[in-house]
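Note sheet for the following structure.
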Amino acid sequence: MPIVSRPDFLPGLPKWSRKTLFALALFGICFAFAFPVLWLILTSLRPESGVYYVHRGTEFTLASFAEVLTDDRIVSAFLNSALISTLATIFSLLVTVSSGYMLSRFTGPASRIWFGTIYVFRCIPYISWVLPLYFVTQSWGLYDTYTGLLLPHVAVHICFFSWLMKGFFDGIDPSMEYAAMIDGCTRWGAFIRVAIPSALPAISALAVLCWLFTWNEFLFALILTGNRVPMITVVMAQFVTEMGLRWNLMAATAVMALVPAFLVALFGQKYVIRGLRI
Amino acid sequence: MAAISLSKLNKHYGSLFHAVKDVDLEISDKEFVALVGPSGCGKSTTLRMIAGLEDISSGDIRIGNRVVNDLPPRDRDIAMVFQNYALYQHMSVYDNLAFGLRNKKTSEAEIKAAIDRAANMLGLHELLARKPKQLSGGQQQRVALGRCIVRNPEVFLFDEPLSNLDAKLRAQMRIEIKRLHAAIPTTSVFVTHDQVEAMTLGDRVVIMRDGRVQQVGTPLQVYGKPANKFVAGFIGAPAMNFVSVTVRSDGGATTVEADGLKLAVGGADARALAAYHDKPVIMGARPEHLALGEGAPGASFDAHVEVVEQLGSEILLETRVGSHGITVARVPAETVIARGDQVRVSAQPGRLHFFDPETELPITG
Numbered sequence: 001m002p003i004v005s006r007p008d009f010l011p012g013l014p015k016w017s018r019k020t021l022f023a024l025a026l027f028g029i030c031f032a033f034a035f036p037v038l039w040l041i042l043t044s045l046r047p048e049s050g051v052y053y054v055h056r057g058t059e060f061t062l063a064s065f066a067e068v069l070t071d072d073r074i075v076s077a078f079l080n081s082a083l084i085s086t087l088a089t090i091f092s093l094l095v096t097v098s099s100g101y102m103l104s105r106f107t108g109p110a111s112r113i114w115f116g117t118i119y120v121f122r123c124i125p126y127i128s129w130v131l132p133l134y135f136v137t138q139s140w141g142l143y144d145t146y147t148g149l150l151l152p153h154v155a156v157h158i159c160f161f162s163w164l165m166k167g168f169f170d171g172i173d174p175s176m177e178y179a180a181m182i183d184g185c186t187r188w189g190a191f192i193r194v195a196i197p198s199a200l201p202a203i204s205a206l207a208v209l210c211w212l213f214t215w216n217e218f219l220f221a222l223i224l225t226g227n228r229v230p231m232i233t234v235v236m237a238q239f240v241t242e243m244g245l246r247w248n249l250m251a252a253t254a255v256m257a258l259v260p261a262f263l264v265a266l267f268g269q270k271y272v273i274r275g276l277r278i
Numbered sequence: 279m280a281a282i283s284l285s286k287l288n289k290h291y292g293s294l295f296h297a298v299k300d301v302d303l304e305i306s307d308k309e310f311v312a313l314v315g316p317s318g319c320g321k322s323t324t325l326r327m328i329a330g331l332e333d334i335s336s337g338d339i340r341i342g343n344r345v346v347n348d349l350p351p352r353d354r355d356i357a358m359v360f361q362n363y364a365l366y367q368h369m370s371v372y373d374n375l376a377f378g379l380r381n382k383k384t385s386e387a388e389i390k391a392a393i394d395r396a397a398n399m400l401g402l403h404e405l406l407a408r409k410p411k412q413l414s415g416g417q418q419q420r421v422a423l424g425r426c427i428v429r430n431p432e433v434f435l436f437d438e439p440l441s442n443l444d445a446k447l448r449a450q451m452r453i454e455i456k457r458l459h460a461a462i463p464t465t466s467v468f469v470t471h472d473q474v475e476a477m478t479l480g481d482r483v484v485i486m487r488d489g490r491v492q493q494v495g496t497p498l499q500v501y502g503k504p505a506n507k508f509v510a511g512f513i514g515a516p517a518m519n520f521v522s523v524t525v526r527s528d529g530g531a532t533t534v535e536a537d538g539l540k541l542a543v544g545g546a547d548a549r550a551l552a553a554y555h556d557k558p559v560i561m562g563a564r565p566e567h568l569a570l571g572e573g574a575p576g577a578s579f580d581a582h583v584e585v586v587e588q589l590g591s592e593i594l595l596e597t598r599v600g601s602h603g604i605t606v607a608r609v610p611a612e613t614v615i616a617r618g619d620q621v622r623v624s625a626q627p628g629r630l631h632f633f634d635p636e637t638e639l640p641i642t643g
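Residue numbers (my numbering), protein chains in the order written: chain L, 1 to 278; chain Y, 279 to 643.
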């Protein structure tokens, strides 16, 4: 039932004014979220001299985009981000799906220990992982490599998303898997052929979340990479130089970085909503 | 050919919970056995142990000639119907039915023939292309039955398959299952908490409580000669009335007395109760063995009507006799009776049950 027709939503007002209020509130919320993005897009389209008067100027240009796109470092940062996001999603899903399944279906000591481990790691503030990870990647010779960035990401995904996955599997009736086991499947067979297909909407949702998480991630990328594996979020921030702030270039990069994330979110949205509802 | 034999079967969950205690049960080939009991009595756990979905703590399970204790479910040649249907949601009905056979590497032609047969039997033809989500509860359960039939297993296991259906559908499916068992006689174990299902479906009924088997017998046996007070109260609807009475004998006649109640007891009952002279016993009277009006001499008592339940075909009366509530069933529907009326109730001679108050075992010889 839509909120506006609920009798307990501002009961004193007539229906049309309830509708108006509701629409205004929605508009306000949307505006609050969309305004920075709008400003960002405007900034990216302004010449460098105009970035401080975004709201006043009438001069628009695509020069910033052209400059950004011809910069090898930025282009390779895009590719790196896309590659690492995709790989991290694939690897972490492989682990998360089975670990979430284990947490949901098995109650033995192994499951309890795993649950406890994840819990402890989740409780540690994200930022306090960074420095130890820096030293570890340094001493293992993984600093500024794909692996050195991929592994921590996968680890974070496992900790954060195993719980979500457990929740999804909790919502799926296990007797389907029992039926499969009686119908000739092994325990693994029941998991792969029955549990996973039933969880597919949830897994798709998780894939979207994983991908966006890594694409948007800044801290690990900043500390664990140098010049060889630049990530888009880091490169974007590097327009802050001692020579001054290159707002227009930063905005152009940001707009471009927004596009893949926007597309993933757009196409993934139906899975995310369906998946989170399971 | 598959008889099932459970011997000294036990299930412990950790050290605290002993779910199934020393269950011994012989189920013969093609027999339909219903396991019934209140929730938590261990009936489902027993079934799941037969299926191999639950480990056995101790004891043996045989299906046919094989001890199956350590066999995984897929090697036990069984099929199971679950309470919530457990259909594979991402597959069509046809693929659901074919799943087991495909795992056995059966040829598609044979699979199709088997599914055709099952679909005929259960009227599933129009549903074959649909997904389980597009089916009603009753249809889903029929598909689940079909999935069992096509595999042609040695044993059918049913885990409360009718509990999620509404009353009317439940009665229909009960008949369908009965018909199915007549058409394809297969050893079947049916778990339910509904004694009506157990009585109507089972060749024999196994009543369980707190992990122990209370009685095994045909429906008539468990109804007529309950092994203890629990079985007497569990089997039969409405449930048996229990009244704590004291045994008296004046001269040659034995009577049982309670607050507001004095009934003459004769024959075998009187002989059995001789040992309980002046002691309390528990008297059990089924509501359907009580009737309105003056019966045999010494078999009637006065009751105060508290609730009148008109069922159309009969009336159920909740009455008060002294401090005891007593239900009377089978009162003709046309009887003019109202709350607050005083009525005369008579017990059918020889249909009373007596139980020892401590052991709860029947006294009646």
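Positions of the beta carbon are idealized from the N, C-alpha and C atoms, including for glycine.
Can you tell which of the options has the C-alpha that lies nearest to the C-alpha of residue i?
i                            : options                                : result
phenylalanine 579 of chain Y : Y:His555, Y:Leu541, Y:Asp355           : Y:Leu541
leucine 331 of chain Y       : L:Met256, L:Ser139, L:Val234, L:Cys185 : L:Cys185
tyrosine 126 of chain L      : L:Val156, L:Pro109, L:Met102, L:Met165 : L:Val156
arginine 549 of chain Y      : Y:Ala574, Y:Leu568, Y:Ile339, Y:Ser527 : Y:Ser527
leucine 150 of chain L       : L:Ala23, L:Leu83, L:Asp71, L:Val240    : L:Leu83
leucine 302 of chain Y       : Y:Ala357, Y:Gly590, Y:Gly337           : Looking at the sequence itself, residue 302 of chain Y is aspartate, so the reference to leucine does not match. Checking every option, the nearest Cα to that of aspartate 302 of chain Y belongs to Y:Gly337.
leucine 103 of chain L       : L:Leu94, L:Trp114, L:Val95             : L:Trp114
glutamate 596 of chain Y     : Y:Pro565, Y:Gly315, Y:Asp307           : Y:Pro565
alanine 66 of chain L        : L:Ala251, L:Phe267, L:Phe262, L:Leu263 : L:Ala251
valine 599 of chain Y        : Y:Val614, Y:Asp619, Y:Gly590           : Y:Asp619
threonine 496 of chain Y     : Y:Val314, Y:Val298, Y:Ala297, Y:Ser285 : Y:Val314
phenylalanine 91 of chain L  : L:Val154, L:Ala190, L:Leu258, L:Leu263 : L:Val154
valine 421 of chain Y        : Y:Gly401, Y:Asn288, Y:Asp437, Y:Pro431 : Y:Gly401
isoleucine 118 of chain L    : L:Thr96, L:Gly244, L:Met256, L:Ala199  : L:Thr96
methionine 176 of chain L    : Y:Ala536, Y:Glu636, Y:Gly590, Y:Tyr363 : Y:Tyr363
arginine 622 of chain Y      : Y:Ala376, Y:Tyr372, Y:Lys503, Y:His582 : Y:His582
glycine 538 of chain Y       : Y:Ile604, Y:Leu570, Y:Asp481, Y:Gly502 : Y:Ile604
asparagine 442 of chain Y    : Y:Glu386, Y:Thr470, Y:Pro575           : Y:Thr470
valine 120 of chain L        : L:Ile158, L:Arg56, L:Leu263            : L:Ile158
valine 255 of chain L        : L:Lys15, L:Val37, L:Ser17              : L:Val37
Grab me the residues of residue i's own chain with a C-beta within less than 6 Å of its C-beta, minus the 5 sequence neighbours each way, in chain order.
i                         : result
methionine 1 of chain L   : For methionine 1 of chain L, the predicted model reports a pLDDT of 49, less than 50, meaning its position is unreliable; a value from the coordinates is still stated below. For methionine 1 of chain L, where only same-chain residues beyond five positions count, there are no Cβ hits under 6 Å.
leucine 594 of chain Y    : Glu587, Ala607
isoleucine 278 of chain L : Here the model assigns isoleucine 278 of chain L a pLDDT of 48, short of 50, so the residue's position is not dependable, and the following value carries that caveat. Around isoleucine 278 of chain L: Phe168, Gly171, Ala202.
serine 283 of chain Y     : Glu304, Arg340
glycine 378 of chain Y    : Arg429
serine 346 of chain Y     : Note that residue 346 of chain Y corresponds to valine in the displayed sequence, not to serine. So the qualifying residues of the chain are Ile339, Arg354.
glutamine 493 of chain Y  : Ile485, Val500, Ala505, Val509
So, for residue i: in the same chain, excluding its five sequence neighbours on each side, which residues have a beta-carbon less than 7 Å away from its beta-carbon?
i                        : result
leucine 479 of chain Y   : Phe310, Ala312, Arg452, Ile455, Lys456, Phe468
glutamine 417 of chain Y : Leu405
Can you check DSSP and say which residues form a bridge with residue i?
i                            : result
isoleucine 341 of chain Y    : Y:Ile282, Y:Arg344
histidine 290 of chain Y     : Y:His296
phenylalanine 436 of chain Y : Y:Val359, Y:Phe468
histidine 582 of chain Y     : Y:Arg598, Y:Gln620
methionine 486 of chain Y    : Y:Val491
leucine 79 of chain L        : None; leucine 79 of chain L has no bridge partner.
phenylalanine 65 of chain L  : Answer by DSSP bridge pairing: none, since phenylalanine 65 of chain L is not bridged.
leucine 539 of chain Y       : Y:Ala536
Taking only beta-carbon atoms, is residue i less than 8 Å away from chain C?
i                         : result
isoleucine 462 of chain Y : In the displayed structure, chain C is absent; the protein chains listed are L and Y.
With a threshold of 8 Å on Cβ separation, who are the neighbours of residue i within its own chain once the five nearest residues in sequence on each side are excluded?
i                         : result
aspartate 234 of chain L  : Correcting the residue identity first, residue 234 of chain L is valine in this sequence and not aspartate. Excluding residues within five positions, the ones whose Cβ falls inside 8 Å are Ala77, Phe218, Ala221, Leu222, Thr225.
glutamate 592 of chain Y  : Ala607, Arg608, Val609, Pro610, Ala611
aspartate 556 of chain Y  : Thr524, Val525, Arg526
cysteine 426 of chain Y   : Ala357, Met358, Val359, Phe434
asparagine 216 of chain L : Thr233, Ala261
Members of the segment 318-352 of chain Y near chain L, C-beta cut-off 9 Å | The segment 318-352 of chain Y vs chain L, Cβ under 9 Å: Arg326, Ala329, Gly330, Leu331, Pro350, Pro351, Arg352.
Scan the segment 136-170 of chain L for residues whose Cβ lies nearer than 9 Å to a Cβ of chain Y and list them as they occur along the chain.
-> Residues of the segment 136-170 of chain L with a C-beta atom less than 9 Å from some C-beta of chain Y do not occur.
Counting Cβ pairs, one atom from each stretch, are 3 or more of them under 8 Å apart for the segment 399-418 of chain Y and the segment 364-382 of chain Y?
-> Taking a contact to require three or more Cβ pairs closer than 8 Å, the segment 399-418 of chain Y and the segment 364-382 of chain Y qualify as touching.
For the segment 522-536 of chain Y against the segment 559-569 of chain Y, are there 3 or more C-beta pairs whose distance is under 8 Å?
-> Short answer: they touch.
Given 8 Å, three or more beta-carbon pairs between the segment 264-271 of chain L and the segment 202-212 of chain L = By the Cβ test, the segment 264-271 of chain L is in contact with the segment 202-212 of chain L, since at least three Cβ pairs between them sit closer than 8 Å.
Members of the segment 181-208 of chain L near chain Y, C-beta cut-off 9 Å = Residues Met181, Ile182, Asp183, Gly184, Cys185, Thr186, Arg187, Gly189, Arg193, Val194, Pro197, Ser198, Leu200.
The segment 367-395 of chain Y: which residues have C-beta closer than 7 Å to a C-beta of chain L, in chain order?
-> Those residues of the segment 367-395 of chain Y that come within reach of chain L (Cβ to Cβ, closer than 7 Å) are Gln367, His368, Phe377, Gly378, Asn381, Lys382.
For the segment 216-238 of chain L, which residues have a beta carbon sitting closer than 8 Å to at least one beta carbon of chain Y?
-> With the criterion set as a beta carbon lying under 8 Å from some beta carbon of chain Y, the segment 216-238 of chain L has no members that meet it.
Does the pairing of the segment 314-321 of chain Y with the segment 485-494 of chain Y give three or more beta-carbon distances under 8 Å?
-> Taking a contact to require three or more Cβ pairs closer than 8 Å, the segment 314-321 of chain Y and the segment 485-494 of chain Y qualify as touching.
Check whether the segment 159-166 of chain L touches the segment 175-190 of chain L, counting contact only when three or more Cβ pairs, one atom from each stretch, lie closer than 8 Å.
-> By the criterion of at least three beta-carbon pairs nearer than 8 Å, the segment 159-166 of chain L is not in contact with the segment 175-190 of chain L.
Could you name the residues of the segment 108-124 of chain L whose beta carbon sits closer than 9 Å to any beta carbon of chain Y, in the order they occur along the chain?
-> Listed in sequence order: no entries.
Could you say if the segment 103-112 of chain L and the segment 38-52 of chain L meet the contact criterion of at least three C-beta pairs nearer than 8 Å?
-> At 8 Å Cβ cutoff, the stretches do not touch.
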